[in-house]
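Numbering (my numbering), first residue to last: 4 to 590.
We put the beta carbon where it would ideally sit given N, CA and C, even for glycine.
Fair warning: this is a prediction, and the values are worked out from it, not measured in the lab.
Read through the structure below, which is laid out as structure tokens, and then see the notes.
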Ligand code: ZN
Ligand code: ZN
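What follows is the structure, given as structure tokens:
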């Protein structure tokens, strides 16, 4: 297995030097921030390495104590100094985007350590489960080898949780309760299934004894962390010394700048979202009036526009696929979307890397209804999968509610978003100019923004025959994206209550009670992430409209798309700084 690494790294190194022939700065950047740099970064962040399919440092479990934080802080300073020694203006565009992405990443981590200090107030950060689960379930090496890696990590678990307890000070109650809940999941990963795997493995009797000698104290450390958190939570309830989960305006804007990188502020995006909500309601009311007589010939429309829209959405949801036919329906639609994109000259596709639609594998179920599983930069498998959750585990009521949500029209939007020309196609283009830095540290707002932009663009091109039903339901989908932004800013900066949030989501975005409650919870536990869809979407859309206005009839949609996607998953603001208007002009 280790031999494969050498080969992979060589391949990547040669493709990197090919682009660096342009100048001395490119060469210096490639030398200093190529795969050797990445190996060092994974050594400092072994868990992220494992999550990205890089296992060389997988046996290192770092203990998050004050010494570690001081060490990591020095590492960040030194790396930033080396980066600052390279003048980005001397770099050609690919490395220049990488340079900007790296700088933002390292500065963001430094800010997290010294200013945001989540390590102090979020006990759910301390969780050893995921790397263990990945090492146990990913066949990257023979099982005995993986179990030995797991065993070495297990030995450090007690020290890890001792450091966690020392680091936590005035946490929020929300994150404390989340940590209690998730730590129970850690015990599951280290539970019966692992015992069975160990017993059936090729480890010797002596190794198995050693394994148990580490597993028992590791489990005990997790359990005592849970007990400690429960006592802490009770104490926080009594003396109301808990930190507010709302981070406030100053931290919010800083986090927004690091995470989103769209060129606008959190406040500007919030205000833009309010305008967009109004615009969507007005447009959806027009569509609802148009559709009303077709669906309710014997009923007078309610006076309230939101009520009219809501009645129609509920009625349209009745047209949906059968429970058994759902996955096949997705499979049927992908080639149709591909043909449309080709025939309308929207983007080029790559027939050599087809998308494989499959039922979500059991170990990944329960997270989302649909997702694209793409090979990472360290993963040699070439397949890209579109996972669709089969409805086997649902009760009849759950299945019906799911099928109504992903009805005839909404399912088209979902497939555009996830697959063509959304996430899957964006990824195909990103892979054409392989940059590990862009792939590994890619910008979530650009990736999600592109998928939402793709929906809008497909509807503009006439997909679905300009049916008002499709536009109305896409409006509902966009309202979710828009309201995610409004409630994130509303909660974190403006101090909105749960009731305000529930009212907005249910009454103005047409979502269910379950969706609304889940969204409140998510918005108390995360910050800024919920805005990434709308932030990326509006930045891409605005940029395109500016280029269109500038170029007039010379604007070429396909050239704009191809050029925009050629920068990989770089932040929208970075792409804008590298693209010139003539890149989107007719040749
Ligand atoms: Zn039904
Ligand atoms: Zn997405």
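Quiz prompt | For residue 522 and residue 31, the rounded distance between their alpha carbons | solution = 46 Å
Exercise. Could you say which of 322, 387, 442 and 495 lies nearest to residue 414 if we only look at CA atoms?
Key: 322
Quiz item: How close, in whole Å, do the beta carbons of residue 139 and residue 217 come, if the pair is a contact with beta carbons under 8 Å?
Solution: Actually they are not in contact, since the Cβ atoms of residue 139 and residue 217 sit about 15 Å apart, beyond 8 Å.
Quiz item: Among 230, 286 and 71, which has the Cα closest to the Cα of residue 184?
Solution: 230
Quiz prompt | Reduced DSSP category for residue 504 - H, G, I as helix; E, B as strand; rest coil | solution = helix
Quiz item: Around the Cβ of residue 573, are there at least 16 other Cβ atoms within 10 angstroms (buried) or fewer (exposed)?
Solution: buried
Quiz item: Can we count residue 425 as close to ligand 2, meaning its CB is less than 8 Å from some heavy atom?
Solution: yes
Quiz prompt | Own chain, CB closer than 6 Å to residue 50, minus 5 neighbours either side, in chain order | solution = 134
Practice problem: Taking all protein chains shown into account, decide if residue 358 is buried (16 or more other Cβ within 10 angstroms of its Cβ) or exposed. | Solution: buried
Exercise. Pick helix, strand or coil for residue 51, following the three-state DSSP scheme.
Key: helix
Exercise. Provide the residue(s) that pair with residue 390 in DSSP beta bridges, ordered along the chain.
Key: 361 and 374
Self-check item: Three-pair Cβ contact test at 8 Å for the region 78 to 87 versus the region 57 to 69
Solution: no
Quiz item: Alpha carbon to alpha carbon, how far is residue 194 from residue 543?
Solution: 46 Å
Practice problem: Give me the Cβ distance between residue 393 and residue 387, rounded to the nearest whole Å; I'm assuming they're in contact under 8 Å. | Solution: Residue 393 to residue 387, Cβ: 19 Å. No contact.
Quiz item: If you drop the 5 nearest sequence neighbours on each side, which residues of the same chain put their C-beta closer than 6 Å to that of residue 483?
Solution: 512
Quiz item: What are the boundary residues of the alpha helix (DSSP H) that includes residue 399?
Solution: 399 to 408
Quiz item: Does the pairing of the region 119 to 130 with the region 265 to 273 give three or more beta-carbon distances under 8 Å?
Solution: no
Quiz item: Name the DSSP beta bridge partners of residue 2, please?
Solution: Any question about residue 2 goes unanswered here, given that the chain covers just 4 to 590.
Exercise. Pull up the DSSP beta-bridge partners for residue 175, would you.
Key: 246
Quiz item: Using the beta carbon as the reference atom, which residues fall closer than 7 Å to any heavy atom of ligand 1, ordered along the chain?
Solution: 321, 323, 403, 406 and 407
Quiz item: Roughly how many angstroms lie between the CA atoms of residue 186 and residue 252, to the nearest whole one?
Solution: 31 Å
Exercise. Consider the Cβ of residue 44: report whether some Cβ of chain B lies at a distance smaller than 9 Å.
Key: Although the question refers to chain B, the structure presented lacks it and comprises just one protein chain.
Quiz prompt | Rounded C-alpha distance that separates residue 429 from residue 450 | solution = 8 Å
Quiz item: residue 679 by DSSP, collapsed to three states: which one?
Solution: Any property of residue 679 remains undetermined from this structure, which presents the chain solely from 4 to 590.
Quiz item: Out of curiosity, what's the CA-to-CA distance linking residue 175 and residue 246?
Solution: 5 Å
Self-check item: Coarse secondary structure for residue 36, derived from DSSP in three states
Solution: coil
Exercise. Can you grab the Cα-Cα spacing for the pair residue 496 / residue 524, in whole Å?
Key: 16 Å
Quiz item: According to the Cβ coordinates, are residue 166 and residue 71 closer than 9 Å?
Solution: yes
Quiz prompt | Spatially closest choice to residue 265 from 580, 567, 538 and 569, by CA coordinates | solution = 538
Practice problem: Identify every residue that forms a DSSP beta bridge with residue 558. | Solution: 588
Quiz item: Should residue 579 go down as buried or exposed, given a rule of 16 or more other Cβ atoms within 10 Å for buried?
Solution: buried
Self-check item: Stretch-stretch touch, CB-based, cutoff 8 Å, three pairs: the region 101 to 116 with the region 436 to 448
Solution: yes
Quiz prompt | Outcome for residue 577 when other beta-carbon atoms lying within 10 angstroms are tallied against a minimum of 16 | solution = buried
Quiz item: Using DSSP with H/G/I as helix, E/B as strand and the rest coil, what is residue 2?
Solution: Absent from the structure is residue 2, since the part of the chain shown begins at 4 and ends at 590.
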